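For reference, the structure is listed below as structure tokens.
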Amino acid sequence: MKKILSYIFGRIITVLLYLSGSVTSIIVVLIVIFLFSEGSGLFGKKPTEEGFIMAVNKTNNVKHLDAEQIKLIFDGEITNWKKVGGRNDSIILFRMDNITDFFTEEQRENPDSVIKLLGENYERLPQCISRVVEANPGIIAFVGKKYIDKNFAGKELKIDKITISDFLFGKLWFPTAHPVAVFGALPLLLGTFWVSIFAILFALPLGLATAIYMAEVAHPTVRNILKPVIELLAGIPSVVYGFFGLVVVVPFIQNTFNLPVGETALAGSIILGIMALPTIITISEDAIRTTPRSMKEASLALGATHWQTIFKVILPYSSSGITAGAILGIGRAIGETMAVLMVTGNAAVIPHTLLEPVRTIPATIAAELGEASQGGLHYEALFTLGCILFIITMIVNLAVEIISSRNKRVAS
Amino acid sequence: MYKIESKDVNLYYGEHHALKNISLQMKANTVTALIGPSGCGKSTYLRLLNRMNDLIENVRIEGTVLIDNKDIYARGIKIDELRKKVGMVFQKPNPFPKTIFENVAYGLRVNGISNKSYIEERVTRSLQNAALWEEVKDKLKKSAFELSGGQQQRLCIARALAIEPSIVLMDEPASALDPISTAKIEELIYELKDKYTIVIVTHNMQQAARVSDRTAFFYIGEVVEYNDTKEIFTNPKNQRTQNYITGRFG
Amino acid sequence: MTKSINQQIAFWILRIMSSLVVLFLVLILGFIISKGIGVINWKFLTTMPEDGMTKGGIYPAIIGTFCLVGGSMLFAFPIGVMSGIFIHEYAPNGFFKRFVQLMTNNLAGVPSIVFGLFGMSLFVNKLHFGDSIIAGSLTLGLLVLPVVIRTTEEALKSVNDSFRLASYGLGASKLQTIWRVVLPIATPNIITGLILSIGRVSGETAPILFTVAAYYLPKLPTSMYDQVMALPYHLYVLSTSGTDIKASRDMAYGTALVLVAIVLIANLIANALRKFLSKKVKMN
Numbered sequence: 199m200k201k202i203l204s205y206i207f208g209r210i211i212t213v214l215l216y217l218s219g220s221v222t223s224i225i226v227v228l229i230v231i232f233l234f235s236e237g238s239g240l241f242g243k244k245p246t247e248e249g250f251i252m253a254v255n256k257t258n259n260v261k262h263l264d265a266e267q268i269k270l271i272f273d274g275e276i277t278n279w280k281k282v283g284g285r286n287d288s289i290i291l292f293r294m295d296n297i298t299d300f301f302t303e304e305q306r307e308n309p310d311s312v313i314k315l316l317g318e319n320y321e322r323l324p325q326c327i328s329r330v331v332e333a334n335p336g337i338i339a340f341v342g343k344k345y346i347d348k349n350f351a352g353k354e355l356k357i358d359k360i361t362i363s364d365f366l367f368g369k370l371w372f373p374t375a376h377p378v379a380v381f382g383a384l385p386l387l388l389g390t391f392w393v394s395i396f397a398i399l400f401a402l403p404l405g406l407a408t409a410i411y412m413a414e415v416a417h418p419t420v421r422n423i424l425k426p427v428i429e430l431l432a433g434i435p436s437v438v439y440g441f442f443g444l445v446v447v448v449p450f451i452q453n454t455f456n457l458p459v460g461e462t463a464l465a466g467s468i469i470l471g472i473m474a475l476p477t478i479i480t481i482s483e484d485a486i487r488t489t490p491r492s493m494k495e496a497s498l499a500l501g502a503t504h505w506q507t508i509f510k511v512i513l514p515y516s517s518s519g520i521t522a523g524a525i526l527g528i529g530r531a532i533g534e535t536m537a538v539l540m541v542t543g544n545a546a547v548i549p550h551t552l553l554e555p556v557r558t559i560p561a562t563i564a565a566e567l568g569e570a571s572q573g574g575l576h577y578e579a580l581f582t583l584g585c586i587l588f589i590i591t592m593i594v595n596l597a598v599e600i601i602s603s604r605n606k607r608v609a610s
Numbered sequence: 215m216y217k218i219e220s221k222d223v224n225l226y227y228g229e230h231h232a233l234k235n236i237s238l239q240m241k242a243n244t245v246t247a248l249i250g251p252s253g254c255g256k257s258t259y260l261r262l263l264n265r266m267n268d269l270i271e272n273v274r275i276e277g278t279v280l281i282d283n284k285d286i287y288a289r290g291i292k293i294d295e296l297r298k299k300v301g302m303v304f305q306k307p308n309p310f311p312k313t314i315f316e317n318v319a320y321g322l323r324v325n326g327i328s329n330k331s332y333i334e335e336r337v338t339r340s341l342q343n344a345a346l347w348e349e350v351k352d353k354l355k356k357s358a359f360e361l362s363g364g365q366q367q368r369l370c371i372a373r374a375l376a377i378e379p380s381i382v383l384m385d386e387p388a389s390a391l392d393p394i395s396t397a398k399i400e401e402l403i404y405e406l407k408d409k410y411t412i413v414i415v416t417h418n419m420q421q422a423a424r425v426s427d428r429t430a431f432f433y434i435g436e437v438v439e440y441n442d443t444k445e446i447f448t449n450p451k452n453q454r455t456q457n458y459i460t461g462r463f464g
Numbered sequence: 019m020t021k022s023i024n025q026q027i028a029f030w031i032l033r034i035m036s037s038l039v040v041l042f043l044v045l046i047l048g049f050i051i052s053k054g055i056g057v058i059n060w061k062f063l064t065t066m067p068e069d070g071m072t073k074g075g076i077y078p079a080i081i082g083t084f085c086l087v088g089g090s091m092l093f094a095f096p097i098g099v100m101s102g103i104f105i106h107e108y109a110p111n112g113f114f115k116r117f118v119q120l121m122t123n124n125l126a127g128v129p130s131i132v133f134g135l136f137g138m139s140l141f142v143n144k145l146h147f148g149d150s151i152i153a154g155s156l157t158l159g160l161l162v163l164p165v166v167i168r169t170t171e172e173a174l175k176s177v178n179d180s181f182r183l184a185s186y187g188l189g190a191s192k193l194q195t196i197w198r199v200v201l202p203i204a205t206p207n208i209i210t211g212l213i214l215s216i217g218r219v220s221g222e223t224a225p226i227l228f229t230v231a232a233y234y235l236p237k238l239p240t241s242m243y244d245q246v247m248a249l250p251y252h253l254y255v256l257s258t259s260g261t262d263i264k265a266s267r268d269m270a271y272g273t274a275l276v277l278v279a280i281v282l283i284a285n286l287i288a289n290a291l292r293k294f295l296s297k298k299v300k301m302n
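Protein chains in written order, with the numbering used here: chain A, 199 to 610; chain B, 215 to 464; chain C, 19 to 302.
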């Protein structure tokens, strides 16, 4: 009896172990499913609110517009139909709330005639809109569907559905704009890379130098001081880095470069660089340490100095490990949220210098998800950004995996 | 006058007394074999001669080691200059992950030589001296890892010869090799004697007997007997030497 | 001659750059400690925030973080340790093991904000936990899971194989060997990892933004379906979107110091434990 019980117990434990062994794989799969199912909803949808349409004059030869074009038209930045492939005619904007602009002065001044035109409870509004659209060849009207007359004299303009390439290469990110939301993630993508690349440019030399120093030059006592320092750097929460950046680095940059605001890509890069240091240092140091002692001795025995040995033998030998460290550092920097959110100023524009505000993908998600209603376009767009982030980190991990497995082959 | 001379050398690894009062003299253009059981200090002594032990922490050295009548542990001695003069070949072949050519040229480059034709000439000559030239002359640009173990070891010898040392230290150079490669290395050692002073550590008694002129028998940090190789192998003075040579311990 | 001068220069550059790294830490810690130490007192740690979070204490945030750390560890620790045991002791070398390891590495590389998204989508919305301690704890638990797995693996790796063989030699089964021989030896190292991951969890902000954290909630949670305040989110709020950012600066310094102190203490304990252990091993 006891034997059977212990056998069953053993089987149960084994099954549990197998289950928990696969738990990370299951989580990764779940993340993929949830992220992508929420995020892919964005594509194939129209960027306008439900129940609204864009209408134009029947004579207008423009058939469809995309979200970005509509946004620019309603912002007054595109003022002629020629710009969007139509005839040479200036664009007249029509919104429900500026309908009286289209009345004659007389009509406007006289409350009776306004009521006559619109009806006492706006019941004649649809006919009125129809007339206005008919009368103005250059008009573009953003109207609720319920205000479209049965015999509407204008025509509905097709609005392009959101595509992946719009999302990836669109230059405008206005997720809450009216009448259309514009989801162009290019500024966010570039902002993310911009901040991360400068962070690595700053962190890699420092990190590599420290790794070399720790692995090759430093006295064991010094090394025993450096190791916990680096562990602590890795342990400080990102929100504390962000806070430090906000109260120290940002004002410093503002004063040094005499800027209107100190929240810039530079501040983000500095903070991210410091945060990426521990990753770069530990992985590079490990790589440097794996260089066989015999290589080092061979070089020294040939009259090379220690530095020559480091530079010509040890670094080339450990280069793939160092590369892996750098890539992982970039991956960390790309995914970092809070610190960046707090110090980069979060302007969704394509960056040109280090001294202007930028916005990264993680910061966008963190800043906007709270305001996006669940299941809405904006919500889905943020999940799409999450997918992009996830894909980037997968690529980073895979690259590191490939590089380090190649390294193992060389070593053996 | 001796090429290498050590007087009352003591070496400690921390508390451990690894070499005890070692005094040996070696003449130029001879082959000296250091034999003895594992852990007897023969490799430590070899590494003393190009200051390779400096790499290990907690090492303390007493006594004097003279090479060409200069104390190599004196203040102001440039270690890299010393190592240029005293080449070393290691137990396992340890070529760099570079091309065959670059492996041999490495020592020249780190010693500040940049003249291309001169480097080429020296690389060629070293490979010839190491009896490897015929086998690799068509694949100098290939990775050194493509060579066989024996070839790699001869490449390491060529690498050591390229900087024109006058002394070559060999730490069990054939222990990781097959018999045919070993025979080639031994032949090479015999030829190199004309130009270089060679000190070789070996486990292999026959090897010591075949290649060396003089033999020192080390035992627990001491030199028990040092004499002409013929004498040691035919007429050992010390009982422990005899026991070791005849294979009663080791 | 120039060779050794080159080396001198190069080594000095290395020294200077390494000291820069130390300088960063000293600067950050020094700043936070010097500014925050004056704020911290018993009252600050044990009272509710007042006056739009410009006065009073951070008690609810401390309790909230405590709940989240406890909850996430309750989830991640058993599963992580079992997973580590599976990978190191059970899984046969081959495709499956490599795959599991790859997935663990992948999960470790996933940015914390993505965990936040996932936690919101799964726990808050799909499972209808709402913004709650349980949703936040599970999300944080997922985040530290790879850390726990890795430290367990490392701890098991450091157990000498001869112990295993000796146990098998006495006729013990695999499970008995792991339970009675391997785990007791590995436990201190696993605990070191646990302490470090507590430090990690208590500082994470992005995963709790949308799963649990409350902007201002001056009461303590009564069930695991309540929202709570949490230290890292509180620091974020105080420094960027509080009612009066200037006036709450002092509160922010204090909160930052408490966060840093948690990490410092966790690291100190872990290091002390490690040192103690290595001594013990040497003695044996």
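Cβ atoms here follow ideal geometry from the backbone N, Cα and C, with glycine treated the same way.
Remember, predicted model here, so these are calculated numbers, not experimental data.
Annotation for Arg182 (chain C): the continuous alpha helix (DSSP H) segment containing it runs 179 to 187.
With fewer than 16 other CB atoms across the displayed protein chains lying within 10 angstroms of its CB, Thr454 (chain A) is exposed. Cβ neighbours of Ile275 (chain B) within its own chain (closer than 6 Å, five residues either side excluded): Leu225. Residue-level contact check: Lys192 (chain C) does not touch chain B, since none of the beta carbons of chain B fall below 8 Å from its beta carbon.
Contacts between Ser257 (chain C) and chain A, judged by CB atoms closer than 9 Å, involve Val437, Gly440, Phe441, Leu444, Val445, Met540 in chain order. Residue contact with chain A for Gln245 (chain C): absent (no Cβ-Cβ distance below 8 Å to any residue of chain A).
The segment 502 to 512 of chain A makes no contact with the segment 420 to 434 of chain A, as fewer than three CB pairs between them are under 8 Å. When only Cα atoms are considered, Ala564 (chain A) and Ser492 (chain A) end up about 51 Å apart. Three or more beta-carbon pairs separated by less than 8 Å link the segment 200 to 217 of chain A to the segment 103 to 113 of chain C, which places the two stretches in contact.
In summary, the residues of the segment 260 to 291 of chain B whose CB is separated from some CB of chain A by less than 8 Å are Asn264, Met266, Leu269, Glu271, in the order they occur in the chain. Put simply, the backbone Cα of Gly440 (chain A) is about 59 Å away from that of Arg336 (chain B). Selection C:Leu161, C:Thr122, C:Asn123, C:Gln119 evaluated against Leu135 (chain C) yields C:Leu161 as nearest (Cα-Cα). According to DSSP, residue pairing for Arg428 (chain B) in a beta bridge involves B:Thr246, B:Asp442. For Met35 (chain C), the residues of chain A that pass the 8 Å Cβ criterion are Pro403, Leu404, Ala407, Thr408, Tyr411, in the order they occur in the chain.
What Leu513 (chain A) touches in chain B, judged by beta-carbon distance under 8 Å, is nothing: the nearest beta carbon there is about 12 Å away.
Counting only runs of at least 4 residues, the segment 374 to 412 of chain B fully encloses the following alpha helix (DSSP H) elements, listed from N- to C-terminal order: 393 to 406.
Excluding the 5 residues flanking it on each side, Ser482 (chain A) has same chain C-beta neighbours closer than 7 Å at Gly405, Leu406, Ala409, Gly519, Ile520, Gly523, in chain order. By the criterion of at least three beta-carbon pairs nearer than 8 Å, the segment 314 to 324 of chain A is not in contact with the segment 221 to 239 of chain A. Non-local beta-carbon contacts of Asp222 (chain B) in its own chain, meaning distances under 7 Å to residues more than five positions away in sequence, involve Asn235, Ser237, Gly277 in chain order. Look at the beta carbons and you see the segment 43 to 53 of chain C not touching the segment 236 to 243 of chain C: under three pairs across the two are nearer than 8 Å.
When C-alpha distances from Ile81 (chain C) are compared across C:Val128, C:Val246, C:Asp268, the shortest belongs to C:Val246. In its chain, beyond the 5 residues on either side, Ser220, Val223, Leu225, Leu233, Ile275, Val279 have a beta carbon closer than 8 Å to the beta carbon of Leu262 (chain B). In the structure shown, Thr542 (chain A) adopts coil according to DSSP, grouped into three states. With fewer than 16 neighbouring CB atoms inside 10 Å of its own CB, Gln420 (chain B) falls in the exposed class.
Contact between the segment 159 to 174 of chain C and the segment 207 to 224 of chain C is present: three or more C-beta pairs spanning the two stretches fall below 8 Å. For Ser220 (chain B), the enclosing beta strand (DSSP E) begins and ends at 218 to 227.
At a beta-carbon threshold of 8 Å, the residues of chain A lying near Arg373 (chain B) are Ala496, Leu500, ordered along the chain. When rounded, the separation of the alpha-carbon atoms in Lys353 (chain B) and Ser517 (chain A) is 25 Å. In the three-state reduction of the DSSP assignment, Ile360 (chain A) falls in the coil class. No Cβ of chain A is located within less than 8 Å of the beta carbon of Thr210 (chain C).
Between Val118 (chain C) and Ala126 (chain C), the CB-CB gap reaches or exceeds 8 Å. Nearest to Ser215 (chain C) by C-alpha distance, out of C:Ala94, C:Lys293, C:Gln26, C:Ile50, is C:Ala94. Using a Cβ-Cβ cut-off of 8 Å, Ala270 (chain C) counts as an interface residue toward chain A, since at least one Cβ of chain A sits closer than that to its own.
With respect to chain C, the C-beta atom of Gly574 (chain A) has no partner C-beta closer than 8 Å.
In terms of Cβ geometry, Phe381 (chain A) and Trp371 (chain A) form a close pair [threshold 8 Å].
Ser492 (chain A) has a beta carbon lying within less than 8 Å of a beta carbon in chain B.
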